[in-house]
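A short write-up of the structure that comes next.
Protein chains in written order, with my numbering: chain S, 1373 to 2042; chain C, 0 to 249.
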């Protein structure tokens, strides 16, 4: 199959408008006869379900949680970008587009990103109309803050809970449609396969997670908005239930999987404390504005700290290695996420990690506290204040800025970050890769769409802060409602899709057989055992820095773990009941296939770009010595993988990335 | 740490449940409460027994999926946290811990520690929204200034995570704090004024139909709420309700 992105003709800025003007529209009377399935109720899925139902389609929405309000979009902290230019700092659609493409290290699709920037302003208007309580200034107008890697203030926020408020907005819009009967909501349901009839997506097989019943649901189109696959690493900042299953099922039925190796590893997370750990917690990257990152210079000091004989604040200035300031004098502690993460790993790999696991660096607020304290003393007119007075004033100032984050840290780690430096370590946070989609967000299966983090198109190889919320809502509120209609215009005479066809029979049988197989293995090891083994291989060999040898080894190891899993996993309980272990088994089985494709993709991409760092592709000599080296001549393409029956034999299709409106440049932070 | 756990086990909604005693050894004080339960379940699976089902997802205190009544308190000891933010260092070595589901007539048990909180969704469906369609041509967000104090209060009410701790804690199993939070958010904002009367009447009606109890101003809900939703919201909802009931023309 050829890979046609279906990018509309014409100048970049007119593409979306022209496209909307020329695509097909379904007449309101006909919408009543058309069914759409939406899987996932986060920002993309929730917004799409509500908007399509408002237009008159019959929507069936599915989520594995007990309520659509709990999707993991809810955990996003920082904010949402929009090119409103309320701050009069020269922001524009073009500038937001440019920042996003550059931030993504020139591996995203230009036309999609421009559309994203174009509809960003509408998102804010829509959310305010829904009653989303964004932060405001004393004049009653919306407030903004700035965020990593950009020069303007375009981020809208609701304290540290922006994702929650936006999701509750989409949830309320869904509720209105549920009450009107236009959305049929299936909570505690998991999609276990897509059903193709005549080559088109015409329904899904789902399991009722309460009764265990396997259900058939038909529709004229299927939208998968089920988020990212960071949990392939076992430990990540994703929710425990976040999974790749829906995406993986459509992949195995014909949807290409794009750039699976593009993962964002976020530098400021709370380190792992031991083997009991089930997930990692992110702290806003805004902490790097005032915290200085360091490890000891001498290994003997590291040893003393780990043994508790030396306290970090007792270490003299000259014995500390502020490695970001040393390596990147221009940006210092404010280098982008991927660079900061890799530098922390480099120091810890060299043996300088400061906690028991050897995987932690310090984020120190001592100098910020004294700096703010001195300023505060001046303001208060204190003459010759003591060091203690300055420290006290400074701690208050830092509390005003970061109080909630410091409190969260103290709850988890049980150390007071005002008195001793915080410990941080990078953690898997977001996956830029996902299901390949064309400009209309349609996958390579006709009638099957992918939206939000589940698709691949907008963030390239690295996502900028506050862009995930923007993309999810753009896809759900403002893209899919148009593009799905264009496709469905051919379905107005189709009538209801029957669920008693041989295609549904076959799909249901496949799902049931697989579930029975899990139960019947009756092995000796738990699902989590295999998930943790997979996670370790992913983290060690396919994590922040990758090389060919390690990736080949990872592919072999993952295959081996997968084989063992299918021989020796133990899934207690039965099929026809609530069975969380059975749910996990299905998800981990899919991660065990995805993991191998992930490593294969990383192996194939022999360049360093964004979150993907290949040790073989580094700058040699000069100022940039040792830094990531992108290879535009050979790798300016999207890798779209076709399933052929085995992850290691997936077939590569390339979508060449052409940039008409942007010049490709190296990212330098020296 | 070594602990004795008394865990509520119940096969399904129809079965009779009971507290079952388990011993658990070598729990790290740094692990979270749910990680301790993961460990218990891993042990049970390895022993060939059925693990205990419990609801959880984000494990960072925001999704509202985790519940649990621990030693007689919703979300256990500690204030302004959910169960997933509770750490084992809050307990003593050798302690016996009672773990039960959230109990309320409107929250029937599904299995073990998992309850059905869909009544909350139905209350929201009765009016917890502003009736505005997705539009590519909505008025500019800044064309409607909102006083900062109102916006901040609306935000504070809107931070409710819908976990149900207020109901589980209340001796009457009242859902007033939950409903009041949503009613308040919209009552404080101009966008919500148009439908304010209908909203409060319909949401309260649905709350009553779901079988939640009445509010007797004990205030336990406010104490146990992981997001610190204030009782002031209940007072505001009562004002909204009375004025709507008196002036409603329906």
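Using N, Cα and C, we set each Cβ at its ideal position, and we do this for glycine too. All values reported here derive from a predicted model rather than from experimental measurement.
DSSP places residue 1986/S within a strand segment (E or B) once states are collapsed to three.
Three or more beta-carbon pairs separated by less than 8 Å are not found between the segment 1523 to 1539 of chain S and the segment 100 to 115 of chain C, which leaves the two stretches without contact. Between residue 1618/S and residue 1828/S, the C-beta gap is not smaller than 8 Å, which leaves the two residues out of contact. The DSSP assignment places 117 to 124, 147 to 157 and 164 to 168 as complete runs of the alpha helix (DSSP H) inside the segment 91 to 172 of chain C, in order along the chain (cut-off: 4 residues).
Among the bridge pairs identified by DSSP, residue 3/C is matched with 22/C and 95/C. Just so you know, the alpha carbons of residue 1933/S and residue 1939/S end up roughly 10 Å apart. Taking C-beta atoms as the reference points, residue 1567/S and residue 1409/S fail to come closer than 8 Å.
Against residue 110/C, the close residues of chain S are 1950, in the order they occur along the chain (beta-carbon pairs closer than 7 Å). Contact annotation: in the segment 1638 to 1657 of chain S, residues whose CB is within less than 9 Å of a CB in chain C are 1645, 1646, 1647, 1648, 1649, 1650, 1651, 1653 and 1654. Beta bridge pairing from DSSP links residue 31/C with 86/C.
Residue 1519/S and residue 116/C have their C-alpha atoms some 37 Å from each other. For residue 1589/S, no alpha helix (DSSP H) encloses it; the enclosing beta strand (DSSP E) starts and ends at 1586 to 1590. Two segments are said to touch when three or more pairs of C-beta atoms, one from each, lie closer than 8 Å; by this definition the segment 1646 to 1666 of chain S touches the segment 1597 to 1610 of chain S. Under the three-state reduction of DSSP, residue 60/C is assigned to coil, being neither helix nor strand. Against chain C, the beta carbon of residue 1514/S has neighbours under 7 Å at 140 and 141, listed in chain order. DSSP places residue 1711/S in no beta strand (DSSP E) but in the uninterrupted alpha helix (DSSP H) bounded by 1709 to 1719. The DSSP-derived three-state label of residue 2028/S is strand. By the criterion of a C-beta distance shorter than 7 Å, residue 1505/S is surrounded in its chain by 1530 and 1537, once the five residues flanking it on both sides are discounted. Each of 1821/S, 2028/S and 1879/S was checked against the Cα of residue 1417/S, and the nearest Cα belongs to 1821/S.
If you look at residue 1575/S, you'll find it in the beta strand (DSSP E) that goes 1572 to 1580. Residues of the same chain with a CB within less than 6 Å of the CB of residue 1778/S, apart from the 5 flanking positions on each side, are 1789 in chain order. The beta carbons of residue 1799/S and residue 1641/S sit about 4 Å from each other, so the pair counts as a contact at 8 Å. Residue-level contact check: residue 80/C touches chain S, since one or more beta carbons of chain S fall below 8 Å from its beta carbon.
Of the residues 1581/S, 1989/S and 1774/S, the one whose Cα lies closest to the Cα of residue 1946/S is 1581/S. Distance from residue 137/C to residue 1422/S at the Cβ level is roughly 14 Å; contact not present, criterion being Cβ atoms closer than 8 Å. Comparing alpha-carbon positions, the option among 1466/S, 1704/S and 1675/S lying closest to residue 1725/S turns out to be 1675/S. Residue burial annotation: residue 1843/S is buried, with at least 16 other C-beta atoms found within 10 angstroms of its C-beta.
Around residue 199/C, no beta-carbon contact reaches into chain S at under 8 Å, the shortest distance being about 15 Å.
Short of 8 Å from the beta carbon of residue 1835/S, and not among the five residues preceding or following it, lie these beta carbons of its own chain, in chain order: 1475, 1476, 1636, 1802 and 1804.
Taking residue 1494/S as reference, the option from 1894/S, 1472/S and 1846/S with the minimal CA-CA separation is 1846/S. Around the CB of residue 2027/S, 16 or more other CB atoms lie within 10 Å, so the residue is classed as buried. Among the residues of chain C, those whose CB is under 9 Å from the CB of residue 1533/S are 61, 154, 157 and 158, following chain order.
Following the DSSP letters along the chain, one finds residue 1664/S inside the beta strand (DSSP E) bounded by residues 1664 to 1668. Counting only runs of 4 or more residues that sit fully inside the segment 1851 to 1927 of chain S, the alpha helix (DSSP H) segments are 1852 to 1860, 1874 to 1893 and 1899 to 1914, in chain order.
For residue 1545/S, the chain C residues whose C-beta falls within less than 9 Å of its own C-beta are 128, 129, 131, 132 and 133, listed in chain order. Taking 8 Å as the cut-off, the Cβ atoms of residue 6/C and residue 1503/S do not count as close.
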